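Here is the structure we will look at.
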Amino acid sequence: MTATTVGPADGSGSRDTAASPGRPSAVTAKDLARSAAVRRRKSARLKIWVGSVGVALVVLPVALANLLPIPGPDEQSLSLRRLPPLTGGHLFGTDQLGRDLLSRVLHGGQVSLTVGVLAIIVSGVIGLIAGAAAGFFGGWVDTVVSRLLEAQLSLPLLLMLLLVVALFGPSIPVITFVIAFAQWPEVARLTRSLVLVEREKPYVAAARVLGLHRVTTLLRHVLPNVVKQASLVILLLLAQAVLLESALSYLGAGPQRPFATWGRIIADGQDYITTSWWLVTLPGLVIVLLVVGVNLLGDGLRDRARRRKGPQTEGKVSRA
Amino acid sequence: MVRYVAQRVGQSILAIFLTVSTVFVLVRLAPGDPAAAYASPLATTAELDRIRAQFGLDKPLIQQYGIFVQDLFHGNLGTSFSFQASALDVVLSRMPYTIMLAVSAILFAAVVAIPAGVWMARHADTARELGANVAMIAGQSMPEFWSGIMLLTVFAVLVPVLPASGFTSWAGLVLPTVTVGILQIALISRLVRREMGAGFAAPYLTIARSRGIPERGLTWRYAMGNSAVPVVTALGTRFAAMLNGVVVVEVVFAWPGVGSLVVRALETRDYPLIQATVLVTAVLTVLVQLLIDLTYPLLDPRVRLGKAVAS
Chain S
10 MTATTVGPAD GSGSRDTAAS PGRPSAVTAK DLARSAAVRR RKSARLKIWV
60 GSVGVALVVL PVALANLLPI PGPDEQSLSL RRLPPLTGGH LFGTDQLGRD
110 LLSRVLHGGQ VSLTVGVLAI IVSGVIGLIA GAAAGFFGGW VDTVVSRLLE
160 AQLSLPLLLM LLLVVALFGP SIPVITFVIA FAQWPEVARL TRSLVLVERE
210 KPYVAAARVL GLHRVTTLLR HVLPNVVKQA SLVILLLLAQ AVLLESALSY
260 LGAGPQRPFA TWGRIIADGQ DYITTSWWLV TLPGLVIVLL VVGVNLLGDG
310 LRDRARRRKG PQTEGKVSRA
Chain F
3 MVRYVAQRVG QSILAIFLTV STVFVLVRLA PGDPAAAYAS PLATTAELDR
53 IRAQFGLDKP LIQQYGIFVQ DLFHGNLGTS FSFQASALDV VLSRMPYTIM
103 LAVSAILFAA VVAIPAGVWM ARHADTAREL GANVAMIAGQ SMPEFWSGIM
153 LLTVFAVLVP VLPASGFTSW AGLVLPTVTV GILQIALISR LVRREMGAGF
203 AAPYLTIARS RGIPERGLTW RYAMGNSAVP VVTALGTRFA AMLNGVVVVE
253 VVFAWPGVGS LVVRALETRD YPLIQATVLV TAVLTVLVQL LIDLTYPLLD
303 PRVRLGKAVA S
């Protein structure tokens with residue numbers, strides 16, 4: 010951003026110059042714009058760092074849950090029921106059946122994360138293909154995809170998801186599909202708008218002149234140019250997928266085996282909230298830490314990509 | 003204008019019809035026998051047959067669909083298995099509670115989120131804005147059921163100042179509203195910040211400022227005037243989504259709305275009730291979206307319905 014930021018920057022700038030009345034400030038609009046850009050870069054870097062740390066704090070223990078020296082997630086011991094955190098070697102305490110809460114959260118997290126990652130892969134692939142085809146070929150393909158995107162807006166979404174899970178059983182494939190179904194329009198809409206911009210560039214015309222097939226042009230030349238930007242949204246969708254999965258499991262429509270996932274652990278702990286605060290609070294904090302981390306990371310990466318691409322593409326994307 | 007409205011209404015009716023038909027097909031495709039869910043576990047085959055005949059479940063699928071569509075036009079959505087009453091009446095009796103919660107949540111969200119977004123846009127690229135931004139991201143990252151239980155624990159159990167669940171007095175509205183509001187505030191304020199940021203950067207604002215128009219007027223009249231369409235669209239879409247039942251929050255607070263109703267209907271495989279819920283909420287959602295579209299020319303005189311909307 011160059012001249013466009015002069016407006017708001019001027020507003021704060023006039024306050025600074027008020028300190029030395031009578032003398033015009035040596036700070037020009039250009040300096041202000043440059044300092045704003047530096048601050049933006051700094052905040053993007055901070056977001057990426059904090060986000061990565063948050064994600065790593067959750068993902069690493071979850072991935073290594075089987076190697077950590079903690080009791081199994083289903084090892085009951087009724088004499089050790091609802092021990093508060095940090096007692097008897099139980100970092101997160103124990104639940105109503107004397108199972109180690111940390112172990113349950115980590116093992117449940119493996120299922121939650123798997124579902125989340127699978128869901129965004131499925132929705133990412135569907136969204137990319139549908140969006141790219143709609144943007145590149147136009148015509149009836151675009152009409153069909155756009156109508157589908159519109160139709161999904163008016164669907165009562167969570168209701169439909171619950172319905173499908175209730176009818177077809179809460180297995181991991183069904184839940185993955187359901188979350189992917191909820192999320193593909195987001196990817197498709199963005200990919201379509203990116204491809205619309207890309208399609209008009211000279212290299213596409215050149216490919217055409219060289220006699221390349223249109224599908225080849227799309228796959229080999231156009232898609233690689235949009236995949237990076239589209240993949241940033243997919244990261245933000247991971248946060249939503251984790252939240253959606255936890256909401257479904259809270260309502261009893263989450264994966265049932267082999268371990269209770271995060272939403273279910275919280276739903277079970279809810280009955281003991283008056284006496285054992287940690288049963289709900291700690292698993293919830295783990296979800297929040299992960300989702301905040303993913304959101305910050307995605308946000309920071311997007312800020313950085315936007316800066317590199319410059320304000321021009323940003324304007325085009327938001328308009329389309 | 004008239005033609006555009008007619009076209010939009012036609013689209014809306016089609017959307018409702020598609021939604022309801024999808025639900026009809028989904029419900030019939032699924033494994034599991036509703037007659038078995040309805041009857042006692044000890045029912046004999048003859049009894050199950052009688053129940054199927056009573057609810058028309060023994061007829062071919064096409065014929066069931068025909069009957070379903072015919073009934074739809076008569077406003078007859080069947081009898082709820084579990085309530086033994088007209089499914090439509092059951093849903094309509096729950097609807098006011100969901101609408102009440104949705105209205106109060108969207109008002110709360112708008113009142114907090116719009117000034118917050120404007121504040122963030124005015125302090126763009128400062129440490130303060132970064133802090134506010136992170137707080138909003140945190141609000142967006144909390145599962146609603148968790149923040150609901152946390153609020154409930156603090157304000158109804160530890161410091162019992164508010165009722166924990168159900169709707170017995172207006173105070174019961176507070177905790178569900180705040181729970182729903184947290185997420186909405188986070189989403190809407192960040193949108194407002196983006197739109198206002200673009201508004202503040204626009205050349206016409208520099209011109210207006212140079213002509214001595216006070217900052218307050220610049221913010222609310224000029225920058226906000228140009229951000230009104232996307233902000234209102236977001237508020238409307240969020241509101242429409244809430245009418246589908248704020249399912250999770252309703253379950254947490256035992257709120258007597260359609261959200262908690264639908265969870266129960268799904269557990270008992272109460273087909274007519276599920277269909278009636280989807281129909282009623284789909285109609286409301288589509289109506290709200292239609293209304294939003296029609297307000298665009300009021301918010302932005304440059305919009306001509308049916309022409310410039312798509313640009």
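In order, the protein sequences belong to chains S and F.
Just so you know, we're using the working numbering here: the first sequence kicks off at 10 and counts up by one.
Just so you know, we're using the working numbering here: the second sequence kicks off at 3 and counts up by one.
Heads up, the beta-carbon is just placed ideally off N, CA and C, and yes, glycines get one too.
Source: prediction; values computed, not measured.
- Between Y259(S) and V290(F) a beta carbon distance of about 27 Å is seen, past the 8 Å cut, so the two are scored as non-contacting.
- Cβ proximity to chain F below 7 Å picks out G293, I296, V297, V300, V301, N304, L305 from the segment 292-307 of chain S.
- Below 8 Å, too few C-beta pairs join the segment 213-227 of chain F and the segment 149-165 of chain F to call them touching: fewer than three.
- Interface criterion not met: the Cβ of S240(S) is under 8 Å from no Cβ in chain F.
- Within the segment 235-308 of chain S, the runs of alpha helix (DSSP H) at least 4 residues long that lie entirely inside it are, in chain order, 271-278.
- Taking 8 Å as the threshold, the shortest C-beta distance from Q142(F) to chain S falls below it.
- In the three-state reduction of the DSSP assignment, D109(S) falls in the strand class, which pools E and B.
- According to the DSSP assignment, W148(F) belongs to the alpha helix (DSSP H) that extends over 146-154.
- For Q72(F), the enclosing alpha helix (DSSP H) covers residues 63-75.
- Counting along the chain, L103(F) sits inside the alpha helix (DSSP H) bounded by residues 89-124.
- In the DSSP assignment, W193(S) falls within the unbroken alpha helix (DSSP H) covering 181-208.
- Contact of T185(S) with chain F by beta-carbon distance below 7 Å is absent, the smallest such distance being about 18 Å.
- For H116(S), the secondary structure class from DSSP, reduced to helix, strand or coil, is helix.
- The residue from L293(F), E197(F), G259(F) with its alpha-carbon nearest to that of T279(F) is G259(F).
- If you look at S262(F), you'll find it in the alpha helix (DSSP H) that goes 260-269.
- If only complete runs of 4 or more residues are kept, the segment 194-231 of chain F shows the alpha helix (DSSP H) at 205-212, in order along the chain.
- Proximity of P145(F) to chain S, defined by a Cβ-Cβ separation below 8 Å, is satisfied.
- For V173(S), the neighbours in chain F by C-beta distance under 8 Å run, in chain order, L28.
- At a cut-off of 8 Å between C-beta atoms, W148(F) counts as an interface residue with respect to chain S.
- Per DSSP, W58(S) is one residue of the alpha helix (DSSP H) stretching across 38-72.
- For W149(S), no Cβ of chain F is located within less than 8 Å of the residue's own Cβ.
- Residue range 4-31 is occupied by the alpha helix (DSSP H) that includes L28(F).
- Not a single C-beta of chain F is nearer than 8 Å to the C-beta of T284(S).
- Rounded to whole angstroms, R52(F) and A269(S) show a C-alpha spacing of 39 Å.
- Note that the C-beta distance between L122(S) and P70(S) is not below 8 Å.
- The beta-carbon of N246(F) is placed less than 8 Å from the nearest beta-carbon of chain S.
- By the Cβ test, the segment 53-63 of chain S is not in contact with the segment 98-118 of chain S, since fewer than three Cβ pairs between them sit closer than 8 Å.
- Shown here, H99(S) sits in a strand according to DSSP, grouped into three states.
- Taking a cut-off of 8 Å on C-beta distances, the segment 218-235 of chain F touches the segment 181-201 of chain F, as three or more cross pairs fall below it.
- Under DSSP, T81(F) forms a beta bridge with S88(F).
- In terms of Cβ geometry, L50(F) and A32(F) do not form a close pair [threshold 8 Å].
- For N135(F), the enclosing alpha helix (DSSP H) begins and ends at 129-143.
- With 16 or more other Cβ atoms from the protein chains shown falling within 10 Å of its own Cβ, T200(S) counts as buried.
- Excluding residues up to 5 positions away in sequence, L106, G107 lie with their Cβ nearer than 8 Å to the Cβ of L87(S) in the same chain.
- Sequence-ordered contacts of the segment 230-254 of chain S with chain F read A248, L252 [C-beta pairs closer than 7 Å].
- Shown here, W257(F) sits in coil according to DSSP, grouped into three states, outside any helix or strand.
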